[in-house]
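S.K.: The sequence shown begins at -3 in my numbering and counts up by one. By construction, the Cβ of each residue, glycine as well, lies at the ideal position given by its N, Cα and C atoms. It should be emphasised that the depicted structure is a prediction, and the values quoted were computed from it without experimental measurement.
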Amino acid sequence: MSTDRTRLYLGWSAINLVFTGLGLIITLWVMDRRTDQHEQFVRLYAERRNACTPAESTDESATPKPVQAPPRQDSAKSGYLGASGMDISPAMRLNLEALPPGEAGKLPLDTLRLGSPQVLPPRTIHVVNLWATWCDPCLAELPEFKSMFTRHREWDDVRFVPIQIKDHTDPLRSYHDYAGVMPPTPIRLADRTMSDALASTLAAGDRGGLYRGNLPVTLVLDCNRRVRWAKFEQLGEADFAALEPIIEQLRAELADTRPGAWCTQEWPGNGRCEAIERTAAHHSFEDCGPLRRRSSDLPGAGEVVEPEPAVPVAVTSPEILPTTCPPKTQLRNGKCSRLQKLPELQVTAPASSSTCGNGVCDPHESRTTCCRDCPCADRFVCKSLRPREPPRCRAALQP
-3 MSTDRTRLYL GWSAINLVFT GLGLIITLWV MDRRTDQHEQ FVRLYAERRN
47 ACTPAESTDE SATPKPVQAP PRQDSAKSGY LGASGMDISP AMRLNLEALP
97 PGEAGKLPLD TLRLGSPQVL PPRTIHVVNL WATWCDPCLA ELPEFKSMFT
147 RHREWDDVRF VPIQIKDHTD PLRSYHDYAG VMPPTPIRLA DRTMSDALAS
197 TLAAGDRGGL YRGNLPVTLV LDCNRRVRWA KFEQLGEADF AALEPIIEQL
247 RAELADTRPG AWCTQEWPGN GRCEAIERTA AHHSFEDCGP LRRRSSDLPG
297 AGEVVEPEPA VPVAVTSPEI LPTTCPPKTQ LRNGKCSRLQ KLPELQVTAP
347 ASSSTCGNGV CDPHESRTTC CRDCPCADRF VCKSLRPREP PRCRAALQP
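Here it is as structure tokens:
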């Protein structure tokens, strides 16, 4: 009897090993197929792009002038990269979720290319901030950015561009919750792709690239959309003190319109769709967007580029005093001040309401006046610390 039982156990063990081996083989096969499909996609895309190039014309008068080669690049590092900066053209091809101008939280999401003029208009300095709602240092530095832009209202050619990454929270909710502590900006972006496309693209490079696994990340782009200043951690007082002169230097370069100046040079990937880049032979997707045929073109005429329309958006948002502050900050005199330890969330004392506690978040109630009915934001809980004290949204301390 024991011999039969032993044989039975051995048989089941052999069957389990067989199925385990089959599962491993199938997993490896699926991974190999995925790699092959990616390589085929890259090859087909390259062939399709090359197929758009027309035959060379024998008319020398119609031959366009040669395209200038892009200047050399500086290596990625923390702080000032150099006078040439670092090119991020691959990131300009990515499509991101975008909140159009207006009150965050009440508008539908749009999809825009990062390099489009709606997002990064030409002749503008951009301060790109990569952040997430779960990142306490990201939330703590947002009020400092707002203070910097408030001090420099003359920066009409400098734009703050927040991009929510590594975070699958609804961007409508995220930007609505933190709109009060964020600098006014005409557009807000988010990358919720499964592959974290923006982070992966910026991380490419021999020295870790411009994303090194941590948040926040601050990138300052000059008039040619090259990264001239970068920081891969929370900005402190010394960082902001060093950042402001850099922005002033980039603004001075932008104001220099002499021939041959840095902001007047032409090359593919500088963010400006020049005339030569609007032809199929020298089309630049990063600068001019997708290649399209005009409806007025005659049959047999060469394709030309219809540049994406640049929609100028004026930032007219009034000064908004925050009613709630991110973690590790405290509301003092209408401003979120950074603290050393994670404090209680300081808000305005809840107003007395006869309907608070009925389980329904009425129109006149909010999480700041009645958190028993209106749920708190992520990483906050509704509780009171003393008897007979009304409950408030307080930061949930992690053990």
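Could you spell out the range, first to last residue, of the alpha helix (DSSP H) harbouring N12?
M.R.: It spans S(-2) to A47 - the alpha helix (DSSP H) in which N12 sits, taken as one unbroken run.
S.K.: Rounding to the nearest angstrom, what Cα-Cα distance links P179 and P158 in this structure?
M.R.: Cα to Cα, the separation comes out at about 9 angstroms.
S.K.: So what does E93 bridge to, in DSSP terms?
M.R.: Paired residue(s): T107 and A186.
S.K.: Hey, quick one: how far does the alpha helix (DSSP H) through A373 stretch, first residue to last?
M.R.: Careful: A373 lies outside any alpha helix (DSSP H) and carries neither H nor E.
S.K.: Is the beta carbon of Y207 sitting closer than 8 angstroms to the one on L198?
M.R.: Yes. Within cutoff.
S.K.: Which residue from A79, G75 and L108 puts its Cα closest to that of L90?
M.R.: Answer by Cα proximity: L108.
S.K.: With contact counted as at least three CB pairs below 8 angstroms, one residue from each stretch, are the stretch 147 to 156 and the stretch 235 to 249 in contact?
M.R.: Yes, the stretch 147 to 156 is in contact with the stretch 235 to 249.
S.K.: Name the two residues that bound the continuous beta strand (DSSP E) containing F156.
M.R.: Here the beta strand (DSSP E) through F156 covers V154 to Q160.
S.K.: Going by DSSP, which residues form a beta bridge with N125?
M.R.: In the DSSP output, where bridge partners are listed per residue, N125 has P158 and T214.
S.K.: Going by alpha carbons, who is nearest to T189 out of A87, E93 and L211?
M.R.: Answer by Cα proximity: E93.
S.K.: Which same chain residues end up closer than 8 angstroms to F236 when comparing Cβ atoms and leaving out the 5 residues on each side of it in sequence?
M.R.: Result list for F236: E140 and M144, in chain order.
S.K.: Between the Cα of Q114 and the Cα atoms of L138, T129 and R155, which residue gives the shortest distance?
M.R.: Looking at the Cα atoms, R155 is the closest of the given residues.
S.K.: Look at the Cβ atom of E282, then the Cβ atom of G81, and state whether they are nearer than 8 angstroms.
M.R.: No, Cβ-Cβ distance for E282 and G81 is not below 8 angstroms.
S.K.: Would you kindly report the start and end of the unbroken beta strand (DSSP E) that includes A226?
M.R.: That run of the beta strand (DSSP E) goes R222 to K227.
S.K.: Using the Cα positions of T(-1) and Y5, report the straight-line distance between them to the nearest angstrom.
M.R.: Between T(-1) and Y5, the C-alpha separation is close to 10 angstroms.
S.K.: With distances taken Cα to Cα, identify the nearest neighbour of R44 among T351, P286 and D374.
M.R.: Of T351, P286 and D374, the residue nearest in Cα terms is P286.
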